[in-house]
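**Q**
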Amino acid sequence: MVSMEIVHVPVLREEVGAFLSVRDGLVVDATLGEGGHSEALLESHPGIRLLGVDADPIMLSRAGERLSRFGDRVRLVQGWFDEVLESFPAEDRPVGILMDLGISSYHLEKSGRGFSFLRREPLDMRLSPYLPMKASDVVNTYSETELVDVFSRFGEEPFSRRIARAIVSERRKMPITTSDHLAEVVMKAVPPKARRGRIHPATRVFQALRIVVNKELERVERAVRAGVRLLAPGGRMAVISFHSLEDRIVKRLFRFYASACTCPPEEPICRCGGQGIVEVLTKKPVRPGEEEVRTNPASRSARLRVLEKVRDAAHLREEGHALP
Numbered sequence: 001m002v003s004m005e006i007v008h009v010p011v012l013r014e015e016v017g018a019f020l021s022v023r024d025g026l027v028v029d030a031t032l033g034e035g036g037h038s039e040a041l042l043e044s045h046p047g048i049r050l051l052g053v054d055a056d057p058i059m060l061s062r063a064g065e066r067l068s069r070f071g072d073r074v075r076l077v078q079g080w081f082d083e084v085l086e087s088f089p090a091e092d093r094p095v096g097i098l099m100d101l102g103i104s105s106y107h108l109e110k111s112g113r114g115f116s117f118l119r120r121e122p123l124d125m126r127l128s129p130y131l132p133m134k135a136s137d138v139v140n141t142y143s144e145t146e147l148v149d150v151f152s153r154f155g156e157e158p159f160s161r162r163i164a165r166a167i168v169s170e171r172r173k174m175p176i177t178t179s180d181h182l183a184e185v186v187m188k189a190v191p192p193k194a195r196r197g198r199i200h201p202a203t204r205v206f207q208a209l210r211i212v213v214n215k216e217l218e219r220v221e222r223a224v225r226a227g228v229r230l231l232a233p234g235g236r237m238a239v240i241s242f243h244s245l246e247d248r249i250v251k252r253l254f255r256f257y258a259s260a261c262t263c264p265p266e267e268p269i270c271r272c273g274g275q276g277i278v279e280v281l282t283k284k285p286v287r288p289g290e291e292e293v294r295t296n297p298a299s300r301s302a303r304l305r306v307l308e309k310v311r312d313a314a315h316l317r318e319e320g321h322a323l324p
């Protein structure tokens with residue numbers, strides 16, 4: 001029996017349920033987590049079937065316990081959301097796809113993998129035990145230049161050079177293998193004023209390491225592309241992001257699919273007027289209200305974007321170039 005003492009509170013649950021309001025068909029929860037969104041969708045939409053996907057077998061087991069009462073309406077698959085969507089059988093096209101890109105409360109508080117800088121845990125940060133590289137590998141083997149690049153690109157960390165220099169200096173004395181050790185190095189590296197801010201100095205560094213270890217941004221890009229192609233006409237995709245790096249990817253791809261040229265490649269000039277294959281239903285991202293932020297502070301940075309598939313197209317082009 002899987003212990004369920006920590007239950008992740010799904011963000012924007014009512015909003016997701018309203019946008020993915022379908023009478024029947026297959027809905028894919030591509031980032032299942034502990035199954036909170038899936039549970040709500042199954043309760044409010046009795047005609048749907050649900051496929052839940054998660055890279056972490058522990059999370060899949062926890063969600064399976066939570067969703068067991070729905071019987072054969074639910075099927076669970078262990079795997080990365082981008083890979084599952086890319087290899088999805090064409091004959092069973094979903095009418096809804098949900099991606100919640102946030103990290104779960106379980107991973108932060110109970111996994112023991114070093115996702116949080118508030119406790120002493122092995123510096124792992126893998127969302128799947130089958131990944132080859134841990135966060136400690138990055139911290140202890142990347143060059144100073146490579147660490148600067150990681151913290152700048154994936155954490156948007158303003159003190160990336162100081163932090164990278166401090167890490168390289170510290171690991172010459174001893175390997176940095178625990179989350180609290182890394183947090184201490186980062187805290188000492190940043191200027192005194194930065195240590196007193198509202199956000200812990202290690203927040204962006206930990207985000208950057210998690211993104212690199214799990215290849216998160218690459219997966220978001222691939223999953224959105226695959227999901228749009230997979231959706232049945234009339235189907236909807238909802239994506240919840242939690243930082244600007246993810247949200248920029250989602251926003252850019254949604255815009256592309258809404259205005260892409262669908263003319264065949266032998267047409268040298270676009271004649272469709274960039275009609276696209278989707279309609280973006282959220283002109284601005286939907287944010288949690290004051291009450292949700294008050295009761296669930298982790299929701300404060302959530303941004304929900306939703307599109308609807310309006311047509312299939314064999315070819316997509318933007319400014320005369322085929323979509324890679």
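Residues 1 to 324 in the UniProt record's numbering are what the sequence shown spells out, letter by letter. Every residue, glycine too, gets a C-beta built ideally from N, C-alpha and C. The structure displayed is predicted, hence computed values, not measured ones.
1) Checking 8 Å against the spacing of the C-beta atoms, do Val138 and Leu209 come in under that value?
2) Quick one: is Ile199 buried, meaning 16 or more other Cβ sit within 10 Å of its Cβ, or exposed?
3) Using CA coordinates, which residue listed in Gly96, Leu41, Glu291, Val77 is at the minimum distance from Asp56?
4) Could you tell me the alpha carbon to alpha carbon distance between Ser87 and Met187, rounded to whole angstroms?
5) Check Ala313 in the structure and name its three-state DSSP category.
6) Do Ile240 and Asp100 have their C-beta atoms closer together than 8 Å?
7) Can you have a look at Ile163 and say buried or exposed, based on whether 16 or more other CB atoms are within 10 angstroms of its CB?
8) Among Phe206, Pro46, Thr177, which has the Cα closest to the Cα of Pro122?
9) Do the stretch 145 to 157 and the stretch 203 to 223 make contact, defined as three or more Cβ pairs closer than 8 Å?
10) Using 8 Å for Cβ pairs, my map puts Ala313 next to Ile277. What's the rounded Cβ distance?
11) By DSSP, does Ser111 sit in helix, in strand, or in coil?
12) Tell whether a beta-carbon distance below 8 Å holds between Met59 and Tyr130.
13) What does DSSP give as the partner residues of Arg49 in its beta bridges?
14) Buried or exposed for Leu118, please, with buried defined as at least 16 other CB atoms from any protein chain shown within 10 angstroms of its CB.
15) With a threshold of 8 Å, are at least 3 pairs of Cβ atoms found where one atom belongs to the stretch 44 to 53 and the other to the stretch 224 to 238?
16) Just the Cα atoms here: how many angstroms apart are Arg75 and Leu32?
17) Please confirm if the stretch 281 to 290 is in contact with the stretch 216 to 228, defined as three or more CB-CB distances below 8 Å between the two stretches.
18) Specify the secondary structure class of Leu20 as computed by DSSP and reduced to three states.
19) Does the stretch 140 to 149 touch the stretch 224 to 236, meaning 3 or more C-beta pairs lie closer than 8 Å?
20) For the stretch 248 to 303, which segments carrying the beta strand (DSSP E) assignment without a break, of at least 3 residues, lie completely within its bounds, in sequence order?
**A** The answer reads as follows:
1) For this step, residue 138 is matched to residue 138 along the sequence shown. For this step, residue 209 is matched to residue 209 along the sequence shown. Closer than 8 Å, so yes.
2) Residue mapping note: residue 199 aligns to position 199 of the sequence shown, counting from 1. With fewer than 16 Cβ atoms within 10 Å of its Cβ, Ile199 is classed as exposed.
3) Here residue 56 is taken as the residue at index 56 of the sequence shown, counted from 1. Here the closest residue by C-alpha is Val77.
4) Here residue 87 refers to the residue found at position 87 when the sequence shown is read from its first residue. Here residue 187 refers to the residue found at position 187 when the sequence shown is read from its first residue. Rounded to whole angstroms, Ser87 to Met187 spans 43 Å at the Cα level.
5) Taking the sequence shown and counting its residues from 1, one reaches residue 313 at position 313. Secondary structure at Ala313: coil, using DSSP grouped into helix, strand and coil.
6) Position 240 of the sequence shown, counted from the start, is the residue given in the question as residue 240. Position 100 of the sequence shown, counted from the start, is the residue given in the question as residue 100. The Cβ-Cβ distance between Ile240 and Asp100 falls below 8 Å.
7) The sequence position of residue 163 within the sequence shown is 163, counting from 1. Counting Cβ neighbours within 10 Å, Ile163 comes out buried, since at least 16 surround it.
8) Along the sequence shown, read from residue 1 onward, the residue named residue 122 stands at position 122. Ranking the options by Cα distance to Pro122, first place goes to Thr177.
9) Using a C-beta cut-off of 8 Å, the stretch 145 to 157 makes contact with the stretch 203 to 223, since at least three inter-stretch Cβ pairs fall below that distance.
10) Here residue 313 refers to the residue found at position 313 of the sequence shown. Here residue 277 refers to the residue found at position 277 of the sequence shown. Confirmed, Cβ separation roughly 5 Å.
11) By one-based count along the sequence shown, residue 111 stands at place 111. In the structure shown, Ser111 sits in coil (DSSP, three-state: anything other than H, G, I, E or B).
12) The residue labelled residue 59 in the question sits at position 59 within the sequence shown. The residue labelled residue 130 in the question sits at position 130 within the sequence shown. Between Met59 and Tyr130, the CB-CB gap reaches or exceeds 8 Å.
13) Your numbering for residue 49 matches position 49 in the sequence shown. DSSP lists Leu26 as the bridge partner or partners of Arg49.
14) The residue given as residue 118 occupies position 118 in the sequence shown. Leu118 comes out exposed.
15) With contact defined as three or more Cβ pairs closer than 8 Å, the stretch 44 to 53 and the stretch 224 to 238 are not in contact.
16) Stepping through the sequence shown from its first residue, residue 75 is reached at position 75. Stepping through the sequence shown from its first residue, residue 32 is reached at position 32. So the alpha carbons of these two residues sit roughly 11 Å apart.
17) Contact between the stretch 281 to 290 and the stretch 216 to 228 is absent: fewer than 3 CB-CB pairs across the two stretches fall below 8 Å.
18) Numbered from its first residue, the sequence shown carries residue 20 at position 20. Looking at Leu20 - three-state DSSP - the assignment turns out to be coil, as it is neither helix nor strand.
19) As far as the Cβ criterion goes, the stretch 224 to 236 does not touch the stretch 140 to 149, which means the pair count is below three.
20) With a minimum length of 3 residues, the continuous beta strand (DSSP E) runs that stay inside the stretch 248 to 303 are 278 to 280.
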